[in-house]
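**Q**
Protein chains: 2
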Amino acid sequence: MEISFTEENYLKAIFSLSRLYGDAEVSTNQISEHLNNKAASVTDMLKRLAEKKFIDYKPYKGVRLTEKGRKTAVKVVRKHRLWEVFLVEKLKFKWDEVHDIAEQLEHINSDELIEKLDLFLGRPKHDPHGDPIPDANGKFYAQKSIALAEAKVKQVLVVTGVSDHSTQFLQYLSQSGIGLGDHLKVDEVNSYDHSLKVKVNKNHGLFLSHKVALNILVEVKS
Amino acid sequence: MEISFTEENYLKAIFSLSRLYGDAEVSTNQISEHLNNKAASVTDMLKRLAEKKFIDYKPYKGVRLTEKGRKTAVKVVRKHRLWEVFLVEKLKFKWDEVHDIAEQLEHINSDELIEKLDLFLGRPKHDPHGDPIPDANGKFYAQKSIALAEAKVKQVLVVTGVSDHSTQFLQYLSQSGIGLGDHLKVDEVNSYDHSLKVKVNKNHGLFLSHKVALNILVEVKS
DNA sequence: ATATTTTTTTAGACTAGCCTAAATTTAACC
DNA sequence: GGTTAAATTTAGGCTAGTCTAAAAAAATAT
Ligand SMILES: [Mn+2]
Ligand SMILES: [Mn+2]
Ligand SMILES: [Mn+2]
Ligand SMILES: [Mn+2]
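First to last, the protein sequences are chains H and G. Per the numbering used here, the first sequence runs over residues 203 to 424. Per the numbering used here, the second sequence runs over residues 203 to 424.
(1) Between the segment 305-328 of chain G and chain H, which residues of the former have a C-beta closer than 9 Å to a C-beta of the latter?
(2) Just to confirm the assignment: which complete alpha helix (DSSP H) runs, minimum length 4, are found wholly within the segment 353-395 of chain G?
(3) Please compile the residues from chain H whose C-beta is within a distance smaller than 7 Å of the C-beta of G:F217.
(4) Determine the chain G residues that contact H:L293 at a beta-carbon separation under 7 Å, and present them in chain order.
(5) Strictly closer than 5 Å from CB to any heavy atom of ligand 1: give me those residues in the order they appear in the chain.
(6) Is there a Cβ of chain G sitting closer than 8 Å to that of H:I303, yes or no?
(7) Please name the residue, chosen from G:T274, G:E390, G:L319 and G:V420, that lies closest to G:E291 on a Cα-to-Cα basis.
(8) Tell me which residue opens and which closes the beta strand (DSSP E) that G:G332 is part of.
(9) Is it true that the CB of G:F322 sits closer than 8 Å to the CB of H:L222?
(10) How would you write the range of the beta strand (DSSP E) that H:I418 sits in, first residue to last?
(11) If you measure from the CB of H:D329, is any heavy atom of ligand 6 nearer than 7 Å?
(12) Measure the C-alpha to C-alpha separation of H:E209 and G:K281 and round it to an integer number of angstroms.
(13) Any idea which residues DSSP pairs H:F409 with across the strands?
(14) Buried or exposed for H:T274, going by 16 or more other Cβ atoms inside 10 Å?
(15) When DSSP builds the beta bridges, which residues end up paired with H:R266?
(16) Count the other C-beta atoms from every protein chain shown that fall within 10 angstroms of the C-beta of H:Q377, then say buried if there are 16 or more, exposed otherwise.
(17) For G:E204, verify whether its CB is less than 7 Å away from any heavy atom of ligand 2.
(18) Counting along the chain, where does the alpha helix (DSSP H) carrying G:M426 start and finish?
(19) Quick one: what's G:V279 bridged to in DSSP?
(20) Is G:V287 helix, strand or coil when you go by DSSP?
(21) Applying the criterion that 16 or more other CB atoms from any shown protein chain within 10 Å of the CB defines a buried residue, is G:G363 buried or exposed?
(22) What is the rounded straight-line gap between the Cα of G:E305 and the Cα of G:F256?
(23) Looking at the structure shown, is H:A344 part of a helix, part of a strand, or coil, going by DSSP?
(24) Report all residues from its chain with a CB closer than 6 Å to the CB of H:R266; omit the five preceding and five following residues, and keep chain order.
(25) Determine the direct distance from the alpha carbon of H:S206 to that of G:S234, and round the result to whole angstroms.
(26) Looking only at its own chain, which residues have a Cβ that is under 6 Å from the Cβ of H:W285, when we skip the five neighbours before and after it?
(27) Using 10 angstroms around the beta-carbon of G:E299, count the other beta-carbons present and answer buried if the total reaches 16, otherwise exposed.
(28) With DSSP run on the structure shown, which of helix, strand or coil describes G:A351?
(29) Assuming H:L386 and H:K401 make a contact with CB atoms under 8 Å, what is their CB distance in whole Å?
(30) By the three-class DSSP mapping on this structure, what secondary structure does H:H328 have?
(31) Return helix, strand or coil for H:V414, following the three-state DSSP convention.
(32) Using the Cβ count rule (16 or more neighbours within 10 Å means buried), how would you classify H:K341?
(33) Just checking H:D333 against ligand 2 - is the residue's beta carbon closer than 7 Å to any of the ligand's heavy atoms?
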């Protein structure tokens with residue numbers, strides 16, 4: 203019942219792709235693109251994962267996680283996000299520096315360790331990017347956030363997360379003075395390119411492109 | 203200049219075997235036994251490590267780390283021991299529970315991470331088993347400990363480490379009320395089997411076999 | 001100094017993961 | 001519906017790391 207580093211990465215990829223596209227089957231090419239390897243390699247691995255009952259696989263028909271596969275994938279996600287919290291909260295890394303390290307730490311195999319880490323961190327519900335941390339049973343507590351681009355003018359908003367986790371984007375947000383928990387208000391929407399003028403906490407006049415506004419998640423407070 | 207999980211384990215093995223036997227060449231069979239794999243596999247790997255300049259290797263003549271190899275090995279040891287401190291001090295694992303998890307964590311690759319972890323832990327000098335933690339330059343601060351078996355009757359002793367890191371031995375010590383920093387005094391030596399009667403902190407009358415006394419490291423305080 | 005034993009290396013084979021190129025299946029188009 | 005294009009799988013090959021069995025070198029014993 204052992205699972206390799208590589209198999210864990212495939213399961214995580216399938217899990218996140220299936221969520222992304224409304225829980226549909228995931229295609230070989232989607233996985234191939236997501237993991238930056240070739241479709242033929244993916245087919246190889248899908249056969250092995252099916253053999254081990256992590257996925258249901260019908261050739262040419264795409265793939266879906268079994269319950270066993272989902273549990274395994276969610277556990278990797280849980281580990282990834284807990285380690286990210288550790289890196290930011292305890293070791294004082296910036297939120298844009300932790301992803302690659304967590305990509306390694308997520309494969310450390312010890313249930314005792316996850317449990318004790320979770321406890322040490324105070325059982326956090328969200329990682330440094332606002333993503334929910336599933337509990338030990340694999341349950342996610344859904345947050346009802348929307349993209350900033352969909353918010354209405356004058357609504358009181360709180361930043362709850364980001365959709366783009368790239369270093370570039372995260373650094374840009376930090377430089378603009380935007381982080382999790384900050385208060386936003388849209389003052390103006392440019393009807394030509396959908397860019398925004400927003401208030402961040404007490405400061406008016408920050409300009410954000412539509413592309414950026416699509417990748418900031420907010421909760422509407424009023 | 204990338205190094206694999208497996209290569210790191212070989213370098214660590216060579217490093218610790220070479221220390222163990224007074225910095226001599228390490229033989230293929232020693233490595234094979236230490237890592238629980240076959241001599242033929244070791245020969246294969248030695249060729250690769252020599253190719254990459256981690257070791258000096260002359261067929262049939264044993265092997266020795268290059269400076270590059272030593273640096274790499276010591277870094278793995280440093281990571282291993284820092285993570286053990288983390289697991290015991292922060293996550294509240296017992297000292298006999300941390301070795302296997304550290305065996306995984308030692309391969310996480312990030313200089314930033316080691317540095318920040320070291321800082322977070324308060325730059326510890328010893329791991330939970332009393333083993334010295336090399337600094338970022340690979341320097342060990344030698345401790346002048348002796349085995350309890352070599353101590354003289356009535357000397358004031360402080361426990362500084364253990365030679366046997368097995369779960370069994372560590373649990374036995376814990377149950378006997380012996381841990382790092384505890385004060386010992388040898389009250390009697392049995393001249394037939396070299397077993398000891400010792401005082402632990404304030405309690406007299408603990409019996410220890412010669413075998414156990416060989417694996418407890420102490421510093422002589424007077 | 002030979003003969004025997006031990007250690008080490010070589011030869012050949014296997015698996016996990018990856019690749020490229022070719023074949024096949026499915027989807028899209030006219 | 002037949003033809004083309006796209007997606008997927010198969011076939012064959014590569015590397016890292018392991019193994020067993022056999023050959024070769026070194027050490028030991030007589
Ligand atoms: Mn991963
Ligand atoms: Mn995250
Ligand atoms: Mn290791
Ligand atoms: Mn230790």
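Beta carbons: idealized from backbone N, C-alpha and C, even for Gly.
**A** Here's the rundown:
(1) Near chain H, meaning a CB-to-CB distance below 9 Å, the residues of the segment 305-328 of chain G are Q306, L307, H309, I310, N311, S312, E314, L315, K318, L319, L321 and F322.
(2) 369-377
(3) Here residue 217 of chain G corresponds to residue number 15 of the second sequence, with the count starting at 1. Neighbours of G:F217 on chain H: none; closest Cβ ~23 Å, over 7 Å.
(4) Translated into positions along the first sequence, residue 293 of chain H becomes position 91. By Cβ distance, chain G contributes K318, L319 and F322.
(5) H:N211 and H:E305
(6) Residue mapping note: residue 303 of chain H aligns to position 101 of the first sequence, counting from 1. Output row for H:I303: interface = yes.
(7) Start at 1 with the first residue of the second sequence, and residue 291 of chain G comes out as number 89. The option with the nearest alpha carbon to G:E291 is G:L319.
(8) As a position in the second sequence, residue 332 of chain G is number 130, starting the count at 1. Premise fails: G:G332 is in no beta strand (DSSP E) and is neither H nor E.
(9) Here residue 222 of chain H is taken as the residue at index 20 of the first sequence, counted from 1. Here residue 322 of chain G is taken as the residue at index 120 of the second sequence, counted from 1. Result no, Cβ atoms of H:L222 and G:F322 do not sit closer than 8 Å.
(10) Translated into positions along the first sequence, residue 418 of chain H becomes position 216. It spans I418 to V422 - the beta strand (DSSP E) in which H:I418 sits, taken as one unbroken run.
(11) Annotation note on ligand 6: not contained in the displayed structure, which lists ligand 1, ligand 2, ligand 3 and ligand 4 as its ligands.
(12) The sequence position of residue 209 of chain H within the first sequence is 7, counting from 1. The sequence position of residue 281 of chain G within the second sequence is 79, counting from 1. So the two alpha carbons sit approximately 26 Å from each other.
(13) Residue numbering aside, residue 409 of chain H sits at position 207 when the first sequence is read from its first letter. Looking at the DSSP assignment, H:F409 forms a beta bridge with H:K399.
(14) Against the first sequence, residue 274 of chain H aligns to sequence position 72. Burial call: buried.
(15) Position 64 of the first sequence holds residue 266 of chain H. Partner(s): H:D258.
(16) Looking up residue 377 of chain H in the first sequence gives position 175. Answer is exposed; the Cβ neighbour count stays below 16.
(17) The residue labelled residue 204 of chain G in the question sits at position 2 within the second sequence. No, Cβ of G:E204 sits at least 7 Å from all heavy atoms of ligand 2.
(18) Since the first and last residues shown for chain G are 203 and 424, residue 426 of chain G lies out of range.
(19) Position 77 of the second sequence, counting from 1, holds the residue named residue 279 of chain G. For G:V279, which the question treats as bridged, DSSP gives no partner whatsoever.
(20) For the purposes of this step, residue 287 of chain G is identified with residue 85 of the second sequence, where counting begins at 1. Three-state DSSP puts G:V287 in a helix.
(21) Looking up residue 363 of chain G in the second sequence gives position 161. G:G363 is buried by the Cβ-count criterion.
(22) For the purposes of this step, residue 305 of chain G is taken as residue 103 along the second sequence, with counting starting at 1. For the purposes of this step, residue 256 of chain G is taken as residue 54 along the second sequence, with counting starting at 1. G:E305 and G:F256: Cα-Cα distance of roughly 21 Å.
(23) On the first sequence, residue 344 of chain H is found 142 positions in, with the first residue counted as 1. Reduced to three states, the DSSP call for H:A344 is coil.
(24) Taking the first sequence and counting its residues from 1, one reaches residue 266 of chain H at position 64. E227 and D258.
(25) Position 32 of the second sequence holds residue 234 of chain G. Position 4 of the first sequence holds residue 206 of chain H. Distance between the alpha carbons of G:S234 and H:S206 is about 24 Å.
(26) The residue you call residue 285 of chain H lines up with position 83 of the first sequence. Around H:W285: A304 and L307.
(27) Here residue 299 of chain G refers to the residue found at position 97 when the second sequence is read from its first residue. So G:E299 counts as buried.
(28) The residue labelled residue 351 of chain G in the question sits at position 149 within the second sequence. Of the three classes helix, strand and coil, the one that applies to G:A351 here is helix, per DSSP.
(29) As a position in the first sequence, residue 386 of chain H is number 184, starting the count at 1. As a position in the first sequence, residue 401 of chain H is number 199, starting the count at 1. That belief holds up - the Cβ atoms of H:L386 and H:K401 are roughly 7 Å apart, short of 8 Å.
(30) The count along the first sequence starts at 1 and reaches residue 328 of chain H at position 126. Three-state DSSP puts H:H328 in a strand.
(31) Counted from its first residue, the first sequence places residue 414 of chain H at position 212. The answer is helix: DSSP assigns H:V414 an H, G or I state.
(32) Stepping through the first sequence from its first residue, residue 341 of chain H is reached at position 139. Looking at its Cβ environment, which holds fewer than 16 other Cβ atoms inside 10 Å, H:K341 is exposed.
(33) Here residue 333 of chain H is taken as the residue at index 131 of the first sequence, counted from 1. At least one heavy atom of ligand 2 is nearer than 7 Å to the Cβ of H:D333, so yes.
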